[in-house]
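Counting with this note's numbering, you get residues 42 to 297 for the letters of the sequence shown. Reviewing the structure listed below.
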Amino acid sequence: MRTLIVDDEASARARLRRLLAAHNDAIEIAGEAADGLSALQQITALAPDLLFLDIEMPGLNGFQVLQSLPPDFVLPLVVFVTGYDQHALAAFAANALAYLLKPVETERLALVVDRAQRLHASVAQRAAEQRELSALIQAAPDAAPLRHIVGRKRDRFFLLAPSDVCFFRAQDGIVRAHTASETYWVNYQLNQLEAGLPADQFFRAHRSALVNLACVKELQADFKSSFRLTINDLAHTEIQVSERQAPFLRRRFPGL
C-alpha cells in the first residue's frame, strides 16, 4: 500500500517511518508532509492507498485537510494520529475509524496495518470505510472557526486569510472565493463558510453570496426596499441583497 505520513513534528514522522519499516511487505512510504497545505498537494499528487494523518496541526488541521480535497477525489484509508486520550477518541471507535495515540506503540500499529491490509483487499469494506469517513468529515466543519480558507487553482492549493476574501459566490454547484484580484475554487458550502467565519464580518447577501463587509465600498438603495453592494475589487463587482436579507443589513448599518 502506497502510504503518506502527515505530521508537523519531525520526530513523530521519523518514529512512524521507523516502525513502519517492520511492515515493508505491506507498506511503501510514498512521502511525508509537515503541514496541511503540503499534505493536500501530496495527497492529490500521489493518491496514496493509506494516509497517517495528524489531527492537530498549525494552519489546517487533519479534518480540514480532508474537507479541502476535491469532491470527486477517492479518499485513501485514513489512520488518525493524535495525542487525545481514550475518552476523546470514543467517536472514532464508534465510527470504526482507525486511530493511533502518540507516542505510537508497536503493537497498536501492527493491528492498524493488518486492518488496513484487509480493508484494502476488500472493495466492499473499503467503500464502507470511505462512506463512514466522509460522514465524519462532513460533520466536522462546525467544530472550530475557519482560520484559513483553502483555495484551489488547477492543481495548486493556497491558504487564504478570511480577511483577504471579498466575497464567496455559489454558481452551478461550485463555490468560489473572490479576493480583490483573484478567484479560487473552494470545497466548502456557503452554509459552512457562514457558520465558520466571523459573523460580524461576513454577511449573507442572498442564498448564493456571502460578502465580507470590510470590502464593501458602496451601498445603494435598490427597488423593492433592497440594496446593491459594490465591492472594492478590481472588477467593482456588484452584489444584490435579497429582500429577505435587507432587514439584516439595516441592523448592521443603522443609518440605512
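Don't be surprised by glycine CBs; every beta carbon is placed ideally from N, CA and C. Please read all numbers here as calculations on a predicted model, not as lab measurements.
Whose C-alpha, out of Leu110, Asn273, Leu116 and Glu97, is nearest the C-alpha of Val122? One-based indexing of the sequence shown puts residue 122 at position 81. Among Leu110, Asn273, Leu116 and Glu97, the Cα nearest to that of Val122 belongs to Glu97.
From the DSSP output, which residues share a beta bridge with Glu173? One-based indexing of the sequence shown puts residue 173 at position 132. Per DSSP, none; premise fails for Glu173.
For Thr44, which residues of its own chain have a beta-carbon under 8 Å away from its beta-carbon, when the five flanking residues on both sides are left out? The sequence position of residue 44 within the sequence shown is 3, counting from 1. Cβ within range, chain order: Leu61, Ile68, Glu69, Ile70, Ala71, Pro89, Asp90, Leu91, Leu92 and Phe93.
For the pair the stretch 257 to 270 and the stretch 235 to 242, tell me if three or more CB-CB distances fall below 8 Å. Taking 8 Å as the limit for Cβ pairs, the verdict is that the stretch 235 to 242 does not touch the stretch 257 to 270.
Helix, strand or coil at Phe244 [DSSP, three-state]: Position 203 of the sequence shown, counted from the first residue, corresponds to residue 244. Correct three-state label for Phe244: strand.
Give the secondary structure of His189 by DSSP, where H, G and I count as helix, E and B as strand, and everything else as coil. Looking up residue 189 in the sequence shown gives position 148. His189 falls in the coil class under three-state DSSP.
Express the C-alpha separation of Ile272 and Arg291 in angstroms, rounding to a whole number. One-based indexing of the sequence shown puts residue 291 at position 250. One-based indexing of the sequence shown puts residue 272 at position 231. Taking the Cα positions, Arg291 is about 18 Å away from Ile272.
Using CA coordinates, which residue listed in Ala55, Ile190, Val153 and His277 is at the minimum distance from Gly100? Residue numbering aside, residue 100 sits at position 59 when the sequence shown is read from its first letter. When only C-alpha atoms are compared, the closest one is Ile190.
For Gly103, which three-state DSSP category applies? Along the sequence shown, one-based indexing puts residue 103 at 62. Of the three classes helix, strand and coil, the one that applies to Gly103 here is helix, per DSSP.
Using DSSP bridges, identify the partner residues of Phe264. Against the sequence shown, residue 264 aligns to sequence position 223. Bridge partners of Phe264: none, in fact.
Is the beta carbon of Lys143 sitting closer than 8 Å to the one on Ala55? For this step, residue 143 is matched to residue 102 along the sequence shown. For this step, residue 55 is matched to residue 14 along the sequence shown. Result no, Cβ atoms of Lys143 and Ala55 do not sit closer than 8 Å.
Would you kindly work out how many angstroms separate the C-alpha atoms of Leu275 and Val282, rounded to a whole number? Here residue 275 refers to the residue found at position 234 of the sequence shown. Here residue 282 refers to the residue found at position 241 of the sequence shown. Spanning the two alpha carbons is a distance of roughly 20 Å.
As assigned by DSSP and simplified to three states, the class of Phe114: Taking the first residue of the sequence shown as 1, we reach residue 114 at position 73. Three-state result, Phe114: coil.
Whole-number beta carbon distance between Phe264 and Asn253, since they are thought to touch under 8 Å: Working through the sequence shown from its first residue, we reach residue 253 at position 212. Working through the sequence shown from its first residue, we reach residue 264 at position 223. Rounded, the Cβ-Cβ distance is 25 Å, inconsistent with contact.
Does the count of Cβ pairs from the stretch 76 to 89 and the stretch 100 to 110 closer than 8 Å reach three? yes
Give me, in chain order, the residues of the same chain whose beta-carbon lies closer than 7 Å to that of Ala80; leave out the 5 immediate sequence neighbours on both sides. Taking the first residue of the sequence shown as position 1, residue 80 is located at position 39. For Ala80, where only same-chain residues beyond five positions count, the Cβ hits under 7 Å are Val47, Ala74 and Val106.
With C-beta atoms as the reference, is Val206 less than 8 Å away from Thr220? As a position in the sequence shown, residue 206 is number 165, starting the count at 1. As a position in the sequence shown, residue 220 is number 179, starting the count at 1. Cβ atoms of Val206 and Thr220: closer than 8 Å.
C-alpha gap between Asp196 and Gln212, whole angstroms: Here residue 196 refers to the residue found at position 155 when the sequence shown is read from its first residue. Here residue 212 refers to the residue found at position 171 when the sequence shown is read from its first residue. Cα to Cα, the separation comes out at about 21 Å.
Give the DSSP-derived three-state secondary structure of Leu275 in the structure shown. Sequence index remark: in the sequence shown, residue 275 carries index 234 (1-based). Residue state, collapsed to three classes: coil.
To which residues does DSSP link Ala215 through a beta bridge? Within the sequence shown, residue 215 is the residue found at index 174, counting from 1. Residue identity differs from the one stated: residue 215 is Ile in this sequence, not Ala. Paired residue(s): Gln212.
From the DSSP output, read off the bridge partner residues of Tyr229. As a working mapping, residue 229 is identified with position 188 in the sequence shown. Answer is none; Tyr229 lacks a bridge partner.
Could you compute how far the alpha carbon of Leu160 sits from the alpha carbon of Asp49? Position 119 of the sequence shown, counting from 1, holds the residue named residue 160. Position 8 of the sequence shown, counting from 1, holds the residue named residue 49. When rounded, the distance between both Cα atoms is 27 Å.
Who are Asp95's beta bridge partners in DSSP? As a working mapping, residue 95 is identified with position 54 in the sequence shown. Residue pairing from DSSP places Asp95 in a beta bridge opposite Val122.
Per-residue burial, Val119 [other beta carbons within 10 Å of its own, 16 or more giving buried]: Within the sequence shown, residue 119 is the residue found at index 78, counting from 1. Buried, because 16 or more other Cβ atoms sit within 10 Å of the Cβ of Val119.
Do His64 and Val154 count as a contact pair if the criterion is CB distance below 8 Å? By one-based count along the sequence shown, residue 154 stands at place 113. By one-based count along the sequence shown, residue 64 stands at place 23. Against a cut-off of 8 Å, the Cβ pair of His64 and Val154 comes out as a contact.
Cβ-based burial, Gly192 [other Cβ within 10 Å; buried from 16]: As a working mapping, residue 192 is identified with position 151 in the sequence shown. Per the 10 Å Cβ criterion, buried.
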